[in-house]
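Asker: Residue numbers for the sequence shown follow UniProt numbering, so the first one is 1 and each next one is one higher.
Each residue gets a CB set at the ideal place from its N, CA and C atoms; glycine is no exception.
This structure is in structure tokens; I'll ask about it shortly.
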Amino acid sequence: MVNLQDKLPLGFPEQVPMLLWPLMLVLAPVNGQLARTHKSVISLQPPWTTVFQGERVTLTCKEFHFYSPQKTKWFRLYLGKEIPRETPANTLEVRESGEYRCQAGGSSLSSPVRLVFSSASLILQSPVSVFEGDSVVLRCRAKVEITLNTIYKDDNILAFLNKSSDFRIHHASLKNNGAYHCTGFNRSNFPVSSNIVKIQVQELFSRPVLRASSSQPINGSLVTLTCETQLSLERSDVQLQFRFFRDGQTLGLGWTNSSKFQITAMRSEDSGSFWCEIDTVAHTVKKESLRSQIRVQKPVPLPQILTESSSITPGWCNLTVKCRVLGTTEDLNVIWETQGLPRELEQRGTLGPAPNSWTLAVSLSPSQRNASLTCVVSNNVDQKTATKDLGEVCWAQKSVQQERFIYFPFHFINSTSFMQRRSLLNSLPSAGVAKCDLGNLGWPALSLQISSFSDHLEQASMLLWTSLLVLAPVCGQSAAAHKPVISLHPPWTTVFKGDRVALTCNGFHFNATEKTKWHRLYGRGETSTLTPGNTLEVWQSGNYRCQAQGSPQSDPVLLVFSSVSLILQAPYSVFEGDTLVLRCKKRRNEKLTAVKYTWNEKTLFKSNKSSDFLIPQASSNNSGNYQCFGYGDKNVFKSNNKIIKIKELFPHPELKVTDSQPTEGSSINLSCETQLPPERSDTPLHFIFFRDDRVILSNWSKSPELQIPTIWRENSGSYWCGAQTVIGSVHKRSPSLQIHVQRIPVSGVLLESQPSGGQAVEGETLVLVCSMAEGTGDTTFSWHREDTQECLGRKIQRSPRAELELPAIGESHAGGYYCTADNSYGPVQSVVLNVTVRVTPGNRDGLVTAGAIGGLLGALLLAVVLLFHCWRQRKPGDRFLGDETRIPPTPAPGESSYSICPAQVELQRLYVDVHPKEEDLIYPEIQIIRLGEEGEANISGTLLEDKDVSVVYAEVKAQHPDNSAGKVCSKDEECHENEKLGECPT
């Protein structure tokens with residue numbers, strides 16, 4: 001048994017242990033059962049509450065402490081008078097009727113037990129208490145020669161007592177409640193009736209209550225289910241088993257002796273109706289709890305504040321910002337928190353749940369450069385925020401300079417030869433900073449400034465590889481000092497006197513020729529022994545340590561060589577996932593008829609076949625105080641107490657990342673770090689990586705590292721890793737780590753051309769190249785003409801440059817061009833590039849010919865239109881209106897890398913002022929849309945070539961009678977001035 005005083009610091013008051021034990025025993029709840037005050041209980045031998053006068057009954061006062069009380073108080077109530085009595089032990093022999101109570105030790109007064117010593121000739125005997133599931137015996141006894149006849153319940157015949165005086169109820173339940181008596185006949189054949197016995201079946205344990213650590217857990221979180229009940233004090237040693245259900249499906253492996261069930265990572269699909277069931281090991285009483293609804297809540301996605309639009313006016317910066325999250329927002333709430341913003345916005349406070357609460361318009365003055373907005377997104381169980389520095393968006397010109405460094409993964413050390421390392425160093429850049437990051441070991445980063453790696457190859461190699469080989473941790477586990485470990489054979493720390501135990505000092509760099517130093521501490525004395533190898537055979541009690549050459553001392557191992565009759569044997573150390581074997585052993589291997597194991601004074605296991613007790617996969621819940629009892633033919637033996645603490649195999653892993661705020665397009669390395677104890681350093685572990693509880697970044701593997709070659713802003717989120725043993729007996733997950741991928745805004749947009757300088761040749765292809773000096777992520781490039789603001793094309797791609805091809809350039813394409821680039825921070829425009837078109841003589845002749853053909857076709861088409869108009873229009877003044885909108889053709893399916901910007905084509909007027917004095921003249925317009933190689937629209941109102949003409953549009957325009965300025969308008973044309981005057985037709 002462990003002496004608590006020995007474990008306390010020197011000078012600790014001796015009275016403290018005496019105070020601690022009662023508190024622990026009174027307050028500690030039993031596994032799965034509610035805590036309560038301990039109450040004494042009276043048991044009877046023989047078990048009957050009614051006996052004949054002259055007989056004796058032994059009362060035993062039971063209480064639930066680990067020691068037997070020194071004195072017991074007894075109280076007998078008879079005819080209204082209470083008679084106290086005190087006994088040195090916990091038993092009392094009585095032969096008088098009355099109500100008896102007892103009080104043992106620090107327990108409260110027991111419930112009364114009524115004993116009747118009867119003078120009747122026929123009695124019905126029953127036990128003092130009946131519980132659900134009990135096998136109950138009712139015994140009908142006669143004092144003189146009486147022939148037993150019948151037993152009744154509630155005056156109804158229950159059974160005839162022909163051959164036996166006993167009536168049995170095999171599994172008592174509430175339906176067996178009632179008033180019982182028996183009858184018989186005396187020698188004169190007169191009927192004789194017994195006393196009436198009232199049976200009230202008591203509840204063995206209360207209906208279980210299922211409690212969950214959270215009824216609305218976050219997706220991926222740990223949930224512990226507890227099935228709570230309360231055993232009756234008189235039957236506190238009854239062994240119960242538990243199982244748990246969800247929507248009718250059994251969770252786990254079914255029946256277990258643990259009242260708790262853990263779901264390590266709740267998912268949305270795990271939501272449902274949960275309940276638990278409790279049964280006795282003998283399957284006599286089974287009860288289930290009420291249903292409990294558990295709804296898994298999704299965590300709030302990480303929000304981002306995006307700038308939808310921005311403009312600079314004299315003295316003000318006007319922004320429209322939006323708080324954006326991935327996925328649906330219907331179950332999310334959003335509020336805005338401000339700092340340094342205009343007073344009117346601060347007075348308005350946070351926004352309400354209006355439909356536009358995700359968007360906010362803000363105006364800033366230059367004095368508010370430090371203003372910021374925080375978007376707070378929440379649901380019932382989670383909340384996340386995003387903050388944006390508005391002054392930085394408005395005025396700051398942020399230059400991002402990335403430091404180049406060389407990253408050497410740790411797993412590369414043991415898998416490469418010197419030549420491979422040399423080859424790696426040969427591939428380094430010509431100059432820069434070489435870094436070896438050993439921050440996870442608590443060391444500063446080592447760096448070496450190299451002006452020329454090729455000139456200082458050996459210098460770089462010596463710094464980097466020596467540092468890594470000396471200081472790097474082993475395969476995802478933090479470095480620890482090598483300490484030897486003692487193992488035992490046989491593995492027990494408690495054995496009988498006369499037995500021998502072989503100790504082995506296991507070191508990590510042990511040489512068989514080295515000597516081992518052993519230390520034995522017993523009482524206040526210490527002895528040392530030196531052995532030529534690493535083993536030592538011992539037969540004396542004490543604390544043993546060993547020390548191999550060049551290593552610290554091992555942890556102590558306490559060995560006990562016992563002289564008692566019965567011992568409980570347990571291994572020296574037990575880790576999570578181990579099979580814990582307990583052995584109840586009698587001296588000289590004498591056989592026992594049965595054994596019983598207790599855990600924290602609660603019966604854990606009984607057997608008449610095996611003296612060993614096994615726990616297949618130990619966990620911290622199995623830690624506690626163990627004891628065993630051995631039953632012989634006549635005696636009961638009690639073993640020593642053994643406190644067993646289940647050790648942690650490895651702590652929860654920690655996820656580490658080379659950069660928690662990486663730039664888009666860069667690579668990051670994830671490392672899942674944990675540490676095995678020296679005793680189990682050879683245990684293989686597997687690792688897995690996740691993002692946002694759903695995205696599996698890797699399958700289970702032996703490597704604790706994962707490299708993400710290229711990371712983008714949409715990869716931002718909550719990252720975590722898991723570690724488990726190969727057989728899955730122990731598995732743990734790391735805390736979440738937030739990784740926010742940073743996007744670099746677009747800057748330095750430049751428009752160039754091929755041929756360079758904007759020098760295009762008529763009929764040739766012109767390529768417009770839009771590039772940016774900085775910027776990451778999906779970027780939208782668009783090209784425009786300066787004079788018409790016409791959008792020529794658009795491309796979206798992850799590249800610092802994009803090209804737009806304009807085939808068959810003509811004189812009309814001469815002019816200013818510019819491009820814009822936007823990666824969600826707002827478009828940035830380039831400087832205008834002037835394009836000139838050089839015309840060659842051969843092309844000029846072709847143009848003249850094409851112009852002549854175009855004129856003839858135009859006149860012919862005009863005549864057809866006039867004839868058609870005259871035929872259809874009988875009334876003067878009626879006008880013919882053509883199509884309202886002309887949309888350039890869309891690209892073919894294979895050409896979807898960019899889109900033609902939708903822009904209304906400007907209509908050009910031909911033949912003006914032919915008859916200036918006529919009011920209702922009709923004018924034709926001919927428009928040609930050409931399709932180039934990439935599908936872009938080339939517009940010309942004067943030139944026609946048969947091979948390029950795809951569509952010819954004609955529109956007849958009329959001068960409005962009230963249009964004094966003589967302007968010509970079509971129905972779909974934007975004449976802003978005339979609209980104001982009401983001059984454009986509606």
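1. Look up P84 in the DSSP assignment and say whether it is helix, strand or coil.
2. On the DSSP bridge list, what partners appear for M772?
3. Within its chain, find whatever has a CB closer than 8 Å to the CB of S563; leave out the 5 residues flanking it on each side and keep chain order.
4. Tell me the rounded alpha-carbon separation between L737 and T385.
5. Closest to D787 by CA distance: which of S799, N823, V832 is it?
6. So what's T788 in DSSP terms, helix, strand or just coil?
7. Per DSSP, P127 forms a beta bridge with which residues?
8. Which residues in the same chain as G826 place their Cβ atom closer than 6 Å to its Cβ, once the five residues preceding and following it in sequence are excluded?
9. By alpha-carbon positions, which one of S367, L373, R369 ends up nearest to A361?
10. Count the other CB atoms, across all protein chains shown, that sit within 10 Å of the CB of S40; report buried if there are 16 or more and exposed otherwise.
11. Measuring alpha carbon to alpha carbon, tell me which of L558, N622, V197 ends up nearest T579.
12. Tell me the rounded alpha-carbon separation between R114 and Q249.
13. Identify whether L448 lies in helix, strand or coil by the three-state DSSP scheme.
14. What are the partner residues of residue 987, as DSSP defines its beta bridges?
15. Nearest-angstrom Cα distance between T284 and P552?
16. Quick check: the Cα distance between K795 and E805, rounded to an integer number of angstroms?
17. Is the Cβ-Cβ distance between G315 and S268 less than 8 Å?
18. Buried or exposed for S215, please, with buried defined as at least 16 other CB atoms from any protein chain shown within 10 angstroms of its CB.
19. Please classify Q297: is it buried, with 16 or more other beta-carbons within 10 angstroms of its beta-carbon, or exposed?
20. Is the stretch 518–534 close to the stretch 702–713, with three or more CB pairs under 8 Å?
21. Applying the 10 Å Cβ sphere with the 16-neighbour rule, what's the burial state of Y78?
22. Pick out whichever of T60, L240, H482, W539 has its Cα sitting closest to the Cα of V281.
23. Using only the alpha-carbon positions, how far apart do G777 and T256 sit?
24. The alpha helix (DSSP H) spanning E392 covers which residue range?
25. What's the gap between the Cα of V192 and the Cα of N186?
26. Within the same chain, show all residues whose beta-carbon is closer than 7 Å to that of N176, passing over the 5 residues directly before and after it, in chain order.
27. Using the Cα positions of H652 and K732, report the straight-line distance between them to the nearest angstrom.
28. Between E277 and the rest of its own chain, which residues show a CB-CB distance below 6 Å, the 5 nearest in sequence each way excluded?
29. Would you call the CB atoms of E648 and E673 closer than 8 Å?
30. Can you give the Cα-Cα distance for H813 and T338, rounded to whole angstroms?
31. Would you kindly work out how many angstroms separate the C-alpha atoms of G932 and G340, rounded to a whole number?
32. What's the call for Y522, buried or exposed, on a 16-neighbour Cβ count within 10 Å?
33. Measure the CB-CB distance between E774 and V837 and report whether it falls below 8 Å.
34. Taking C-beta to C-beta, are F117 and E55 nearer than 8 Å?
35. At what residues does the beta strand (DSSP E) containing N333 begin and finish?
36. Output needed for I123: all residues of its chain with C-beta closer than 6 Å, excluding positions within five of it in sequence on either side, in chain order.
Answerer: By the coordinates alone:
1. Three-state result, P84: strand.
2. Beta-bridge analysis with DSSP links M772 to V749.
3. Result list for S563: F496, K497, in chain order.
4. If I take the Cα positions, the gap works out to 15 Å.
5. Of the candidates S799, N823, V832, the one whose C-alpha sits nearest the C-alpha of D787 is V832.
6. DSSP places T788 outside both helix and strand once states are collapsed to three, so it counts as coil.
7. As DSSP reads the structure, P127 sits in a beta bridge with W48.
8. Taking C-beta separations shorter than 6 Å and ignoring five residues to either side along the sequence, the partners of G826 in its chain run T307, S310, following chain order.
9. The residue with the shortest Cα to Cα distance from A361 is L373.
10. Of the other Cβ atoms in all chains shown, 16 or more fall within 10 Å of the Cβ of S40; this residue is therefore buried.
11. By alpha-carbon distance to T579, the top candidate from L558, N622, V197 is N622.
12. One alpha carbon belongs to R114, the other to Q249, and they sit about 48 Å apart.
13. Because L448 sits at a pLDDT of 43, beneath the cut-off of 50, its placement in the model cannot be relied upon, and the point is left open.
14. The displayed coordinates of the chain run from 1 to 986. Any statement about residue 987 would go beyond what the structure contains.
15. Take the alpha-carbon of T284 and the one of P552: they are about 57 Å apart.
16. Going by the C-alpha atoms only, they are around 12 Å apart.
17. No, the pair does not count as a contact, with Cβ atoms beyond the cut-off.
18. Exposed: under 16 other Cβ atoms inside 10 Å.
19. Q297 is classed as buried because its beta carbon has at least 16 other beta carbons within 10 Å across all chains shown.
20. Because the criterion of three Cβ pairs below 8 Å is not met, the stretch 518–534 and the stretch 702–713 do not touch.
21. It is exposed - the Cβ of Y78 has fewer than 16 other Cβ atoms within 10 Å.
22. The alpha carbon of V281 has as its nearest neighbour, out of T60, L240, H482, W539, the alpha carbon of L240.
23. Per the coordinates, the alpha-carbon of G777 lies some 53 Å from the alpha-carbon of T256.
24. Counted as a single uninterrupted DSSP element, the alpha helix (DSSP H) harbouring E392 occupies residues 390–394.
25. If I take the Cα positions, the gap works out to 7 Å.
26. Taken in chain order, the residues that qualify are I169, I199, V201.
27. Each residue's alpha carbon lies about 6 Å from the other.
28. Here the set comprises R243, E288.
29. No, they are not a contact pair.
30. If I take the Cα positions, the gap works out to 50 Å.
31. Caution applies to G932, whose pLDDT of 40 falls short of 50 and renders its modelled position unreliable; the model cannot decide the point.
32. Note on Y522: under 16 other CB atoms within 10 angstroms of its CB, so exposed under the neighbour-count rule.
33. Contact flag unset, no.
34. Against a cut-off of 8 Å, the Cβ pair of E55 and F117 comes out as a contact.
35. Segment 333–339, the beta strand (DSSP E) holding N333.
36. Cβ neighbours of I123 beyond the five flanking positions: T50, R141, S194, N195.
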